[in-house]
Amino acid sequence: GRDDSTLIQKMIDDAKAAGESVITIPKINPETGTEGYVIGSTIWLSSDTTVILDGCTMRLSDGVMCNMFASVGAWDETFGESEHAEQRNIKIIGKNGATFYGGNSNGKTEKTVLPGERMVWNCFVLFRNVDGFEISGIKAVSARYWCFTFIYAKNGSIHDIEFDCRNEK
4 GRDDSTLIQK MIDDAKAAGE SVITIPKINP ETGTEGYVIG STIWLSSDTT VILDGCTMRL
64 SDGVMCNMFA SVGAWDETFG ESEHAEQRNI KIIGKNGATF YGGNSNGKTE KTVLPGERMV
124 WNCFVLFRNV DGFEISGIKA VSARYWCFTF IYAKNGSIHD IEFDCRNEK
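Under the working numbering, the first residue of the sequence shown is numbered 4, with each subsequent residue one higher.
What follows is the structure, given as structure tokens:
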């Protein structure tokens, strides 16, 4: 199926390479001309990055087990908590009805987690070892596991979040 993760990652990486720290993801997907984005792999965010989701819906692709967004180093089992892996000042700001949608369940939820499974890889956002963050203005719908996960994160702000998550499977 379609995966717009590469498109969004390229938008972020190109902006950062040009010295820009604020990246706006528009409602209309520039590759398809339609509304919304299908996320099939994690979009990685590094220090001093602000992603503005302008009215767009981001939907997890069927069958995947990944975060929509994660801080660089979030999955690093060896150095995730080291001083060298810390990221700073990462923001995800929704406006005009921005939505994270879990899509069709992959069968992994709070009710079905098995001992040893890494369920944090099934959340909308995973920030690990981030100093200074904001997540705001987002509607979270049908999360597959937790909507937002913060491990060793500090000095953050989470506000104006609307939840419609029922853990139905």
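Backbone N, C-alpha and C define an ideal beta-carbon position, used for all residues, glycine too.
From a predicted model like this one, the values you see are computed outputs, not experimental measurements.
- In the structure shown, Val123 falls within a helical segment according to DSSP collapsed to helix, strand and coil.
- Going by C-alpha positions, Gln12 is about 32 Å away from Pro118.
- Residues Asp7 and Leu10 of the same chain have their beta carbon placed closer than 8 Å to that of Glu34, with the five preceding and five following residues left out of the count.
- Looking at Ile28, Gly76 and Lys98, the one whose alpha-carbon comes closest to that of Asp163 is Lys98.
- In this structure, DSSP gives Thr112 a state outside helix and strand, which the three-state scheme calls coil.
- Contact between Phe130 and Ala143 does not hold, since the beta-carbon distance rounds to 15 Å and is not under 8 Å.
- Assignment of Asp167 by DSSP, reduced to helix, strand and coil, places it in the strand class.
- Comparing alpha carbon positions, the residue from Glu120, Ile26, Tyr148 and Lys94 closest to Asn107 is Tyr148.
- Counting C-beta atoms within 10 angstroms of its own C-beta, Glu38 has fewer than 16 neighbours from the protein chains shown and is therefore classed as exposed.
- In this structure, Ile138 lies away from Phe153, with their beta-carbon atoms at least 7 Å apart.
- For Ala21, the number of other beta carbons within 10 angstroms of its own is below 16, and it is reported as exposed.
- Ranking Lys111, Arg121, Ile15 and Tyr40 by CA distance to the CA of Thr60 puts Tyr40 first.
- In the displayed model, Thr45 falls within coil according to three-state DSSP, outside both helix and strand.
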